[in-house]
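Here the sequence shown is numbered in the working numbering, starting from 8 and rising by one per residue.
Ideal Cβ placement from N, Cα and C applies to all residues, glycine included.
No experiment lies behind these values; they were computed from the predicted model shown.
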Amino acid sequence: MARVLQIRRGTTAQNDNFTGLAGEITFDTDAKTIRVHDGETLGGFALAKADQQTGTSGETGGADFDIDLVPDEFWQNLFNRFGLQACNTLTSSLINISNAASIEYIFNTEKTAKITQVFLVCQTPEAGYSIGDEVAAFGIENRTNPAPNAFVDTLGLHVKLMVNEQSFWVSHKSTGATTNITPENWRILFRVYC
C-alpha cells in the first residue's frame, strides 16, 4: 500500500492566525498555496504559484527572474537572521591549460577557503559553447568534475588542480556527451568563497 504524506492545512483565515514551527509547511485550502513558517511569524510566508509570479518585464510566470536584482539588504538580513557571516568571493585570472602535473593559483590572502570551485572558460567556440561561457561540467581523463585542493601558507591561499599531464574534456553544451577539447581554446578559472 502506498504511503501518503498529509501536511497541516486550513483556510486562509486559519493560516493567517497560525504560527508554525521553524521549517513547518502548511496548506491554505482557500488560496491553494503553501505557506512556510519560521517559528515566530504569524501566518508564515505564502508561496506564490508559478502562474502568479511576475517577472521584471511584468509578464506572469517569473521566467525572466534575475537573482542579481535581489537587493543586498535582503541577503544581509538573511545572513543576520541565521547568524551567518557574509563571505568574500575571490576569482583568479584566467590560466592557460598546460600539460603539467598541476595548475595552481595563489590568492594574496591568508583566509581559509570554505568552498573552492574550478571552471573551464571558453575562449574559442567549441563543444557548443560560446566565448566567455564558464563550464563546470568537465573532467580530466577519467575524473569527472575534479575538485581543486586549497591550503594556506606564508605565500597566501593556494588553489591547485591536479592534472597529472592528462587531457581535459567537457560535457557538450546541447548533448551532454563527453567531448575532448583543444587546450588552447579554453582557460581555467578558480573561484573561492572565504
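**Prompt:** Got a sec: is the Cβ-Cβ distance from residue 136 to anything in chain C below 7 angstroms?
**Reply:** Considering every chain present, this structure includes no chain C. It has just one protein chain.
**Message:** Is it buried or exposed, residue 81, if we count other Cβ atoms within 10 angstroms and call 16 or more buried?
**Reply:** exposed
**Prompt:** Expressed to the nearest angstrom, what Euclidean distance is found between the alpha-carbon atoms of residue 195 and residue 134?
**Reply:** 16 angstroms
**Message:** Tell me the DSSP secondary structure of residue 124 in three-state form.
**Reply:** strand
**Request:** Please list, in chain order, all residues of the same chain as residue 102 whose beta carbon is under 7 angstroms from its beta carbon, the five residues on each side excluded.
**Result:** 110, 112, 194 and 195
**Item:** Of the listed residues 10, 33 and 97, nearest to residue 21 (C-alpha basis)
**Value:** 33
**Asked** Apart from the five residues on each side of it in sequence, which residues of its chain come closer than 7 angstroms, Cβ to Cβ, to residue 37?
**Response** 18 and 19
**Asked** Relative to the C-alpha of residue 107, which residue among 187, 14, 174 and 200 is closest?
**Response** 174
**Asked** Near residue 118, which residues of its chain fall below 6 angstroms by C-beta distance, leaving aside the five closest residues on each side in sequence?
**Response** 201
**Item:** Alpha-carbon spacing of residue 12 relative to residue 31, whole angstroms
**Value:** 13 angstroms
**Request:** Please report how far the alpha carbon of residue 77 lies from the alpha carbon of residue 172, in whole angstroms.
**Result:** 43 angstroms
**Message:** Comparing C-alpha positions only, which one of 161, 74, 190 and 154 sits nearest to residue 121?
**Reply:** 154
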